[in-house]
Amino acid sequence: MAENKKVTIAKRSEDYSRWYLDVIKCADLAEHSVVKGCMVIKPYGYALWERIQSVLDRRFKETGHENAYFPIFIPKSFLSKEASHVKGFAKECAVVTHHRLIDSPEGGVEVDPASKLEEEVIVRPTSETIIYDSYSRWVNSWRDLPILINQWANVVRWEMRTRLFLRTTEFLWQEGHTAHATEEEAEDEARKMLGVYREFAEDWMAMPVVVGLKPEHDKFPGALRTYCIEAMMQDRKSLQAGTSHNLGQNFAKAFDVKFTDRDEQVKYVWQTSWGVSTRLIGGLIMAHSDDGGLVLPPKMASVKVVVVPIYREDGERAEVLAVVDRIRAALAESVPELKVDDRDNCGPGFKFTEWERKGVPVRLEVGPKDVAAGQVVLVRRDTGEKSVVPLDGLRGEVERALGDIQSALFERARKFREDNSREIDGYDEFVKFFEGEDAGGYAYCHWCGRAECDERAKSETKAGIRCLPLDRKAEAGRCVVCGGEADGGGRVIFAKAY
């Protein structure tokens with residue numbers, strides 16, 4: 137970590153892309169792999185994914201779901217069974233054609249031409265096809281329903297332009313896949329899981345989201361409806377943080393997933409799929425961090441409190457560390473995610489910078505003067521505010537600070553979104569809203585429902601429809617792009633996006 141103190145983090149306001157990568161590097165979250173487009177998630181970064189996993193896995197199980205695992209390899213023929221699905225993923229697929237290497241006459245190894253597969257297999261871009269093949273054998277009667285399965289897995293989508301956490305060739309995610317007897321049950325499931333994602337984003341990540349429906353032309357390939365949560369980042373772009381799909385019966389018909397219902401009629405099941413990925417870590421970084429580095433909401437931090445003892449002489453060391461032991465004992469029950477940085481090979485200033493860059497919510501400083509006064513210096517990462525806290529009341533003050541930071545980060549992000557959202561009715565104003573590097577945000581506009589208008593907006597401003605908010609108010613209006621009559625359902629959100 138020593139080299140990271142020497143790295144200058146770009147100013148967020150001057151070079152947002154560079155700033156984002158600098159924050160990741162200085163917080164020691166991840167690095168680019170030698171495999172183009174892939175990343176190595178380092179322990180401190182992977183701890184964030186573990187937090188996401190643990191919280192969501194608990195919520196999935198509380199809502200009746202079980203975990204399972206399905207193969208990473210999918211027969212190529214499976215992707216051809218649902219036409220819109222294969223069309224949506226065809227350009228991103230990694231294809232395995234051979235199964236063996238042999239020694240090369242020129243040294244090293246080469247593909248054995250005799251090992252060509254009878255049927256190529258696709259490295260999992262998503263698992264609907266391979267999972268629903270299994271469901272076709274698992275479902276016979278209404279008694280077998282619903283099937284509520286989640287899978288934690290990796291995915292490969294051959295991306296041409298990648299960015300750590302946000303878009304990589306291989307990434308980690310979870311994907312839920314459920315089968316139901318009725319359309320109503322599937323719709324309830326899709327919306328329920330969207331609510332789980334919203335709850336996690338807002339309550340744990342302190343990241344306010346808009347809950348909405350994707351326009352028909354931008355839904356998941358093969359779905360009946362696609363729901364999403366959208367979050368505004370600090371460059372005013374939108375991040376799709378999670379999706380939930382009502383798949384209808386398209387995949388059920390393609391993979392012959394049917395059952396005998398109570399009325400003795402044979403019917404196709406209704407299905408859903410839903411997922412979030414390591415993209416959430418990118419959203420966490422961009423929603424809260426600053427020019428000093430990473431900023432973490434306390435609920436997401438693997439280290440919530442770092443204690444930095446300060447001393448110059450051996451005599452001071454013993455008395456300071458004795459107080460540190462008292463601090464550790466006082467916070468052991470309420471803040472188990474506490475770390476004492478008692479390294480002797482670097483000074484306090486270096487430690488302060490390092491832990492600020494790693495986003496630890498609260499830093500406690502203890503020196504000889506603090507020992508004598510029976511106090512601790514508490515520093516908040518979100519504001520940099522310092523306060524002197526009596527040692528006897530430390531536990532309550534630390535708990536209060538952590539709660540305040542969690543709430544303050546959410547409120548700050550919510551206010552930023554509000555300050556950068558606007559209702560817009562004319563196309564000239566729309567174009568102007570998205571002009572320039574520091575422009576943009578959420579434009580709430582009427583839309584006629586035609587994909588052509590969305591495509592025109594994207595081509596001319598790089599801002600497209602992110603979602604149709606579920607809480608939008610029905611009202612008449614004119615399409616912001618073409619001026620034609622809107623659908624009357626209310627305003628939709630246009631924004632630039634990741």
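Counting with the working numbering, you get residues 137 to 634 for the letters of the sequence shown. Cβ coordinates follow ideal geometry from the N, Cα and C atoms, glycine included.
A straight line joining the alpha-carbon of Arg462 with that of Gly429 spans about 30 Å.
In this structure Thr144 is exposed. Its beta-carbon is surrounded by fewer than 16 other beta-carbon atoms within 10 angstroms.
For Phe569, the enclosing alpha helix (DSSP H) stretches over residues Tyr563 to Phe569. With a cutoff of 8 Å on beta-carbon distance, Val442 and Val524 are scored as not near each other. Bridge partners of Lys475 according to DSSP: Val442. Closest by C-alpha distance to Leu184, out of Phe569, Leu165 and Gln407, is Leu165. Straight-line measurement puts the Cα of Glu559 at about 8 Å from the Cα of Tyr578. Burial state of Arg627 is buried, judged by a 10 Å Cβ sphere holding 16 or more other Cβ atoms. C-alpha of Glu452 to C-alpha of Leu530: approximately 21 Å in a straight line. Val247 is not a Cβ neighbour of Ile210, given a cutoff of 8 Å. Shown here for Gly625: same chain residues with a beta carbon closer than 8 Å to its own, the five before and five after excluded, namely Leu604, Arg608 and Ala610 in chain order. In this structure Asn290 is exposed. Its beta-carbon is surrounded by fewer than 16 other beta-carbon atoms within 10 angstroms. Short of 7 Å from the beta carbon of Glu325, and not among the five residues preceding or following it, lie these beta carbons of its own chain, in chain order: Thr314, His316 and Thr408. Across the structure, Cys584 and Asp564 are spaced so that their CA atoms are roughly 17 Å apart.
The continuous stretches of beta strand (DSSP E) do not include Asn556, and DSSP gives it neither H nor E.
Judged by beta-carbon spacing, Gly503 lies within the 8 Å limit of Val456, meaning their Cβ atoms are closer than that value. Its Cα nearest to that of Glu321, the residue Ile283 stands out among Val439, Phe391, Ile283 and Gly224. By the CB criterion at 8 Å, Lys598 and Phe570 fall inside the cutoff. The beta carbon of Tyr447 lies closer than 6 Å to those of Arg453 and Val456 in the same chain, with the five residues before and after it left out. By the Cβ-count criterion, Ile238 is exposed, with fewer than 16 other Cβ atoms from all chains shown falling within 10 Å of its own Cβ. For Ala537, the CB contacts under 8 Å within the same chain, skipping 5 residues up- and downstream, are Pro497, Val498, Leu514 and Arg516 in chain order. Counting along the chain, the unbroken alpha helix (DSSP H) around Leu467 starts and ends at Asp450 to Leu467. Non-local beta-carbon contacts of Glu202 in its own chain, meaning distances under 8 Å to residues more than five positions away in sequence, involve Leu284, Ile285 and Asn286 in chain order. If you keep only unbroken alpha helix (DSSP H) runs of at least 4 residues inside the stretch 215-297, you get 219-225 and 264-274. Restricting attention to alpha helix (DSSP H) runs no shorter than 4 residues, the stretch 350-406 encloses them at 386-390, ordered along the chain.
Counting along the chain, the unbroken beta strand (DSSP E) around Glu501 starts and ends at Val498 to Val502. Scanning Gln401, Phe387, His424 and Cys615 for the CA closest to the CA of His221 turns up Phe387. For Met175, the enclosing beta strand (DSSP E) starts and ends at Met175 to Ile177. The continuous alpha helix (DSSP H) containing Pro484 extends over residues Pro484 to Arg493. Taking C-beta atoms under 8 Å as the contact rule, Lys223 and Glu255 fail to qualify, at a distance of about 20 Å. DSSP, reduced to helix, strand and coil, places Tyr580 within a strand of the structure shown. Close CB contacts of Ala390 within its chain, under the 7 Å cut and outside five residues either way in sequence, are with Lys217 and Glu218 (chain order). Sorting Thr305, Asp339, Lys178 and Leu467 by C-alpha distance to the C-alpha of Val191 places Asp339 at the top.
A contact is defined here as three or more CB-CB pairs under 8 Å, and the stretch 413-425 meets this definition with respect to the stretch 300-315. Around the beta carbon of His381, a 10 Å sphere encloses 16 or more other beta carbons of the protein chains shown; the residue is thus reported as buried. Between Ala230 and Trp294, the beta carbon gap of about 5 Å places them in contact (Cβ cut-off 8 Å).
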